[in-house]
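Okay, structure first, notes after.
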Amino acid sequence: MSERVVVTLTLNGGRRTFEVAPGRRLLDLIREDAGLTGTKEGCAAGECGACVVLLDGAPVTSCLVLAASADGHDVVTVEGLQQSGSLHPFQEALVAQGGVQCGFCTPGLAVTGAAALAYGPGTADERARLLAGNLCRCTGYVKVLEALESASGEKADRAST
Amino acid sequence: MLRRERAHVEEAPGRGPLGGHHERPDARAKVSGSTRYVADLALPGMLHAAVAVAPVASARVSGLDLASARAVDGVEAVLTAADIPGRNLVGVIFEDQPLLAREKVRMVGERLALVAARTPEAAWAAAHLVHADLEPLPAVHDPVQALEPDAPRVHDAGNLIRTFRVVRGDTARARASVVVEAEYRVGGQEHAYLEPQGCLAIPEGRQRITIVASCQCPFYVQHAVARVLGLPLAAVRVEQAPTGGGFGGKEDYPSEPAACAAVLAFATARPVRFVLPRELDMQVSSKRHAMVIRHRWGADRSGHLRFAEVETVLDAGAYIGISTVVAERANVSSIGPYHVPAVRVSTRVAYTNNLFGGAFRGFGTPQVTWAAEATMDRLARACSLDPLEFRRRNLLDDRRRRLCTGQSLRRPVLARECLERAVALAGWDEFHARPRRQEGPMREGMGIGLALYGCNLHHGGQHLDRSSAVVILQPDGSVVVRVGLTEMGQGNLAACQTIAAQALGVEPAHVQVWQPDTTTVGDSGPTVASRGAHASGMAILNAVDRLRKKLDPVAAELLECGERDVELAGGFARVRTDPDHRVPIARLAGEMASRRIEGISTGWYRSRKRRFDPVTGLGDPYEFYAVACHIARVVVDAELGLVRVTEVSAAHDVGKVIHRDVLEGQIQGGIVQGTGWGTSEELKLDRGRLCNPSFTDYIIPTAADVPSIRIAVVESEGPGGPFGAKGIGEPSLIPTAAAVRNAVVEALGLEIDRLPLTPPTIVEALGNRHPFAWVAEEERVRGRSEEVAAGR
Chain W
0 MSERVVVTLT LNGGRRTFEV APGRRLLDLI REDAGLTGTK EGCAAGECGA
50 CVVLLDGAPV TSCLVLAASA DGHDVVTVEG LQQSGSLHPF QEALVAQGGV
100 QCGFCTPGLA VTGAAALAYG PGTADERARL LAGNLCRCTG YVKVLEALES
150 ASGEKADRAS T
Chain H
6 MLRRERAHVE EAPGRGPLGG HHERPDARAK VSGSTRYVAD LALPGMLHAA
56 VAVAPVASAR VSGLDLASAR AVDGVEAVLT AADIPGRNLV GVIFEDQPLL
106 AREKVRMVGE RLALVAARTP EAAWAAAHLV HADLEPLPAV HDPVQALEPD
156 APRVHDAGNL IRTFRVVRGD TARARASVVV EAEYRVGGQE HAYLEPQGCL
206 AIPEGRQRIT IVASCQCPFY VQHAVARVLG LPLAAVRVEQ APTGGGFGGK
256 EDYPSEPAAC AAVLAFATAR PVRFVLPREL DMQVSSKRHA MVIRHRWGAD
306 RSGHLRFAEV ETVLDAGAYI GISTVVAERA NVSSIGPYHV PAVRVSTRVA
356 YTNNLFGGAF RGFGTPQVTW AAEATMDRLA RACSLDPLEF RRRNLLDDRR
406 RRLCTGQSLR RPVLARECLE RAVALAGWDE FHARPRRQEG PMREGMGIGL
456 ALYGCNLHHG GQHLDRSSAV VILQPDGSVV VRVGLTEMGQ GNLAACQTIA
506 AQALGVEPAH VQVWQPDTTT VGDSGPTVAS RGAHASGMAI LNAVDRLRKK
556 LDPVAAELLE CGERDVELAG GFARVRTDPD HRVPIARLAG EMASRRIEGI
606 STGWYRSRKR RFDPVTGLGD PYEFYAVACH IARVVVDAEL GLVRVTEVSA
656 AHDVGKVIHR DVLEGQIQGG IVQGTGWGTS EELKLDRGRL CNPSFTDYII
706 PTAADVPSIR IAVVESEGPG GPFGAKGIGE PSLIPTAAAV RNAVVEALGL
756 EIDRLPLTPP TIVEALGNRH PFAWVAEEER VRGRSEEVAA GR
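Residue numbers (my numbering), protein chains in the order written: chain W, 0 to 160; chain H, 6 to 797.
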């Protein structure tokens with residue numbers, strides 16, 4: 000049980016090395032070893048999406064990823080969405096549109112939404128399906144989807160100018 | 006948004022932020038991940054708690070073997086009932102529930118032993134190794150059966166906990182030409198807050214303790230911890246952590262994990278953190294009550310209600326918790342916003358060996374509303390009237406404003422206004438004028454649900470209907486506000502910030518509202534009953550009034566005017582009759598500080614006394630009421646039994662809007678949660694055990710399931726709380742499932758009297774009308790012939 004594995008990964012842009020137990024989850028590495036508590040644990044079964052992070056740009060539920068398997072990969076958490084101190088446009092839109100209530104699902108939603116925006120604006124249906132892996136019990140998703148729409152609109156506007 | 010707010014203030018000087026949609030004060034920290042919930046807090050030397058629970062619903066405990074649990078590496082303590090320093094009791098109202106079972110197990114998840122260990126893994130491994138010798142006892146799982154004389158007794162005194170009634174007029178003599186009867190079986194609901202239950206206990210010797218808890222009601226937690234530790238209330242400090250959703254699930258229940266963590270913290274003299282894993286959280290925490298509701302309602306030939314008889318049995322589960330309080334509200338809410346001359350309601354609360362029922366958004370009203378609205382549609386059909394027209398004839402209004410309890414509603418009564426606004430939003434007439442689309446198995450329908458919600462606490466809980474606030478004017482003109490009611494996502498921080506900013510004439514961003522802490526304000530009762538903004542807001546307004554007794558004389562001196570001429574608006578103290586003559590509030594605050602004038606005030610609020618007779622159910626159970634109307638549009642797949650709610654139009658009588666985004670967020674969230682309860686969220690119980698304690702098997706709505714939501718906000722100058730605001734947290738959910746049910750019934754042309762409307766429920770209701778009914782029939786026949794062949 001005392002066996003350890005060395006994991007070297009890029010975490011929010013910085014190269015970091017951790018020594019962890021083989022069974023350790025990426026979620027625990029992020030929250031406990033790296034001290035980044037923005038990523039939340041809501042179910043530990045990959046069902047709720049509160050722990051979503053980007054693994055090489057793709058959203059994954061970090062409770063179902065072994066830390067060791069992230070060795071050599073690029074991980075971005077909610078803390079890494081900010082660019083030079085400014086919130087990501089989707090985070091900004093969530094704030095502006097009133098898409099935040101209890102806030103527990105919000106970091107995971109922010110990360111998934113940021114990934115969704117990277118894919119392109121999409122249709123309303125596509126946006127709703129992209130967020131369907133992130134459960135939220137407070138907002139009824141309406142303002143969250145409006146925020147994603149407005150952020151994707153802004154993104155499209157910027158691309159066109 | 007801040008820009009928008011500033012522009013708003015400049016454009017409308019003196020109007021203030023009320024009713025606007027400035028940025029929520031908690032949004033930025035939450036969206037960036039920097040808000041720290043309980044699971045994000047750690048202290049040096051902190052231990053992790055776990056609990057060993059009973060796997061069966063009814064048993065005698067003949068022994069507990071703790072040796073293997075104690076042998077697990079990292080375990081610091083394994084405790085049983087004998088180790089509790091104070092009283093072995095939890096329970097908000099009745100003393101029927103032990104923190105740790107001694108002799109008897111009455112439900113799955115009953116606590117047997119507590120563990121503290123250096124890691125959560127060790128703690129849970131040890132908890133699983135606690136071995137209990139359990140001798141099975143008879144159990145009862147149906148609340149109606151539980152009330153039969155020969156049912157197994159959950160507690161020695163029998164299974165009937167209490168009966169509530171409303172008796173007004175003589176239903177037996179009522180002249181009704183059309184009478185309908187029905188029995189509704191309405192299922193419970195899991196709160197499914199995204200943050201599991203959790204708390205952190207920090208002991209200081211054995212003298213006192215701090216609890217940081219994810220909870221709605223820090224004062225409940227304070228009482229519970231003081232009792233199990235045998236401490237005075239003053240020695241228990243409860244600080245509400247940022248709370249990741251509540252919906253009632255963090256009203257009464259958090260007292261239990263907090264009491265567990267407190268006992269472990271005292272035993273080990275170490276901080277103890279207790280976070281429930283999701284599966285256990287769903288398995289053991291309280292639920293919305295399942296109810297069986299029988300109706301016999303009658304109307305005359307002209308389509309006017311003549312009488313209503315309602316008999317409800319509410320499944321309390323193995324312990325009362327707050328079931329009687331829920332029943333008290335359900336009881337007087339059973340008739341809805343309708344004028345009925347003769348009423349006979351009885352609401353019985355029964356013990357069973359099921360999971361225990363607790364608070365859940367709506368507090369018993371959604372269930373009885375579901376039944377009442379189903380019966381309204383039934384009666385409309387029996388009277389050959391359109392459900393809309395039937396409601397128009399029976400709704401309470403400014404002339405007929407007497408509730409079933411005899412209480413006369415204060416004007417304006419806005420039931421009709423809400424109905425008509427929702428009807429217009431939904432396009433009811435257009436929908437019903439055109440021929441119904443029928444593509445393959447898809448059937449369309451539209452249904453109405455109306456609710457009457459008594460704001461704040463029932464007469465029976467009036468002693469708790471008070472609240473405390475502290476307002477501190479800082480030397481730089483910024484303002485600290487402390488209240489006793491909690492933020493759990495619903496927006497109470499934003500509401501309190503708006504109310505304080507409005508009253509002090511400053512920008513919302515200059516007001517900081519901090520999470521409640523039992524050592525900073527007086528006991529303010531629970532954050533429930535849609536009373537958060539009301540109760541905290543009224544206390545804030547009182548505190549601001551008192552603060553102005555110190556502030557206004559200084560302002561008057563600076564402005565060289567009379568104290569009565571001072572008004573606060575737009576960030577200034579100014580002369581009422583000469584608004585350009587003004588001084589910034591920041592300067593005024595600095596002046597007060599330099600003169601050493603106390604810039605702090607407390608505020609207090611208590612609801613008005615009312616008369617109510619608990620025996621007859623007559624009188625004024627609530628101070629004032631909010632009405633809501635939802636109209637749902639659905640598409641039902643009559644082969645698969647799938648219900649898709651495509652649209653909900655909602656009209657709400659809100660009094661006055663405090664914060665528009667928060668209000669809309671409550672309505673949208675309530676509708677989606679109500680849709681889930683009505684269609685997909687089923688608590689599957691097998692002998693008292695929840696079989697689907699996960700988000701894969703217990704299905705709550707996702708972003709892809711959201712209906713299109715249209716909202717009409719009906720404001721008025723009537724009775725209400727701060728600036729005339731009523732509550733919105735619960736009215737937003739109450740009528741949704743009823744509207745969905747009535748839409749499905751219209752789509753399929755048959756009655757469905759069980760909630761939730763899952764595919765199996767719908768297919769079963771379709772019976773022989775299901776397109777593949779012949780398959781089931783063939784299987785039944787084949788099964789019978791196989792039985793014959795096997796000689797059975």
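Beta carbons are placed, not taken as given, at the ideal position from N, Cα and C, and that holds for glycine.
Boundaries of the alpha helix (DSSP H) in which residue i is found, first to last residue
| i | result |
| --- | --- |
| H/S599 | 590-599 |
| H/A708 | Run containing H/A708: none; DSSP gives neither H nor E here. |
| H/I767 | 764-771 |
| H/V559 | 537-564 |
| H/A744 | 741-753 |
Extent of the continuous beta strand (DSSP E) to which residue i belongs
| i | result |
| --- | --- |
| H/S351 | 347-356 |
| H/A122 | 116-122 |
| H/H635 | 630-642 |
| H/C798 | Look at the range of chain H in this structure, 6 to 797, and you will see that residue 798 of chain H is not part of it. |
| W/T7 | 4-10 |
8 Å contact criterion, which residue i and residue j should meet: CB distance rounded
| i | j | result |
| --- | --- | --- |
| H/L509 | H/G608 | The Cβ separation is near 12 Å, so there is no contact. |
| H/V653 | H/I714 | 5 Å |
| H/A295 | H/G193 | 4 Å |
| W/C101 | H/G250 | 4 Å |
| H/V230 | H/V241 | 5 Å |
| H/G450 | H/V749 | 6 Å |
| W/A92 | W/A150 | 4 Å |
| H/L424 | H/R396 | 6 Å |
| H/F368 | H/A534 | 7 Å |
| H/V145 | H/A156 | 5 Å |
Residue i versus the options, residue with shortest Cα-Cα distance
| i | options | result |
| --- | --- | --- |
| W/V143 | W/G121, W/A114, W/P120, W/A95 | W/A95 |
| H/L552 | H/V171, H/A87, H/L573, H/G341 | H/L573 |
| H/R649 | H/M447, H/Y630, H/G622, H/D481 | H/M447 |
| W/V161 | H/G670, H/S67, H/T380 | Residue 161 of chain W falls outside the range modelled here, since chain W spans only 0 to 160, and no answer is possible. |
| W/G97 | H/R787, H/R665, H/T763 | H/R665 |
| H/G68 | H/R33, H/H136, H/A128, H/A131 | H/H136 |
| H/V350 | H/A177, H/E444, H/Q443, H/E783 | H/A177 |
| H/R116 | H/S63, H/G79, H/I98 | H/S63 |
| H/A121 | H/D161, H/G50, H/P60 | H/G50 |
| H/L238 | H/F224, H/T124, H/R600 | H/F224 |
| H/Q372 | H/P776, H/E782, H/L738, H/V768 | H/L738 |
| H/C2 | H/V662, H/V36, H/G576, H/R581 | Since the first and last residues shown for chain H are 6 and 797, residue 2 of chain H lies out of range. |
| H/I757 | H/D557, H/T684, H/A197, H/R569 | H/T684 |
| H/V620 | H/Q507, H/G326, H/T352 | H/T352 |
| H/G174 | H/C409, H/V475, H/G674 | H/C409 |
| H/L310 | H/V345, H/A218, H/L281, H/T523 | H/V345 |
ask   = How about the region 144-154 of chain H and the region 309-324 of chain H: do they share at least three Cβ pairs that are nearer than 8 Å?
value = yes
query = Can you list, in chain order, the residues of the region 105-135 of chain H whose Cβ is nearer than 8 Å to any Cβ on chain W?
reply = none
key: the region 699-720 of chain H: positions lying closer than 7 Å to chain W by Cβ   = Those would be S699, F700, T701, I705, T707, A708, A709, V711, I714, in chain order.
query = Got a sec: which bits of the region 24-37 of chain W sit with their beta carbon under 9 Å from any beta carbon on chain H, in order along the chain?
reply = R30, E31, L35, T36, G37
query = Taking any Cβ of chain H, which residues in the region 109-129 of chain W have a Cβ under 7 Å from it, in chain order?
reply = A109, A127, R128
Interface positions of the region 25-59 of chain H facing chain W (Cβ-Cβ less than 7 Å), listed along the chain = H26, E28, R29, D31, A32, R33, K35, V36, S37, G38, S39, T40, R41, Y42, A44, D45
query = Would you call the region 458-477 of chain H and the region 378-397 of chain H in contact, with 3 or more CB pairs under 8 Å?
reply = Judged by Cβ distances under 8 Å, the region 458-477 of chain H makes no contact with the region 378-397 of chain H, as fewer than three pairs qualify.
Cβ-based contacts, 8 Å cut-off: residues of the region 490-517 of chain H near chain W = M493, G494, Q495, G496
Short-range partners of chain H found in the region 45-69 of chain W, where Cβ spacing is below 7 Å = E46, C47, A49
ask   = Got a sec: which bits of the region 75-89 of chain H sit with their beta carbon under 8 Å from any beta carbon on chain W, in order along the chain?
value = Residues passing the 8 Å Cβ filter: none.
query = Given 8 Å as the limit, is there contact between the region 67-83 of chain H and the region 283-303 of chain H, that is, 3 or more CB pairs closer than that?
reply = no
message = Would the region 727-747 of chain H count as touching the region 675-683 of chain H if we require 3 or more Cβ pairs under 8 Å?
response = yes
ask   = Which residues, taken in chain order from the region 138-152 of chain W, show a beta carbon closer than 8 Å to some beta carbon of chain H?
value = Listed by position along the chain: T138, G139, Y140, V141, K142, V143, L144.
task = Could you name the residues of the region 676-688 of chain H whose beta carbon sits closer than 8 Å to any beta carbon of chain W, in the order they occur along the chain?
result = Listed in sequence order: I676, V677, Q678.
inquiry  = Tell me whether the region 477-490 of chain H and the region 623-641 of chain H touch, counting them as touching only if at least three CB pairs, one residue from each stretch, are closer than 8 Å.
reply    = No contact exists between the region 477-490 of chain H and the region 623-641 of chain H.
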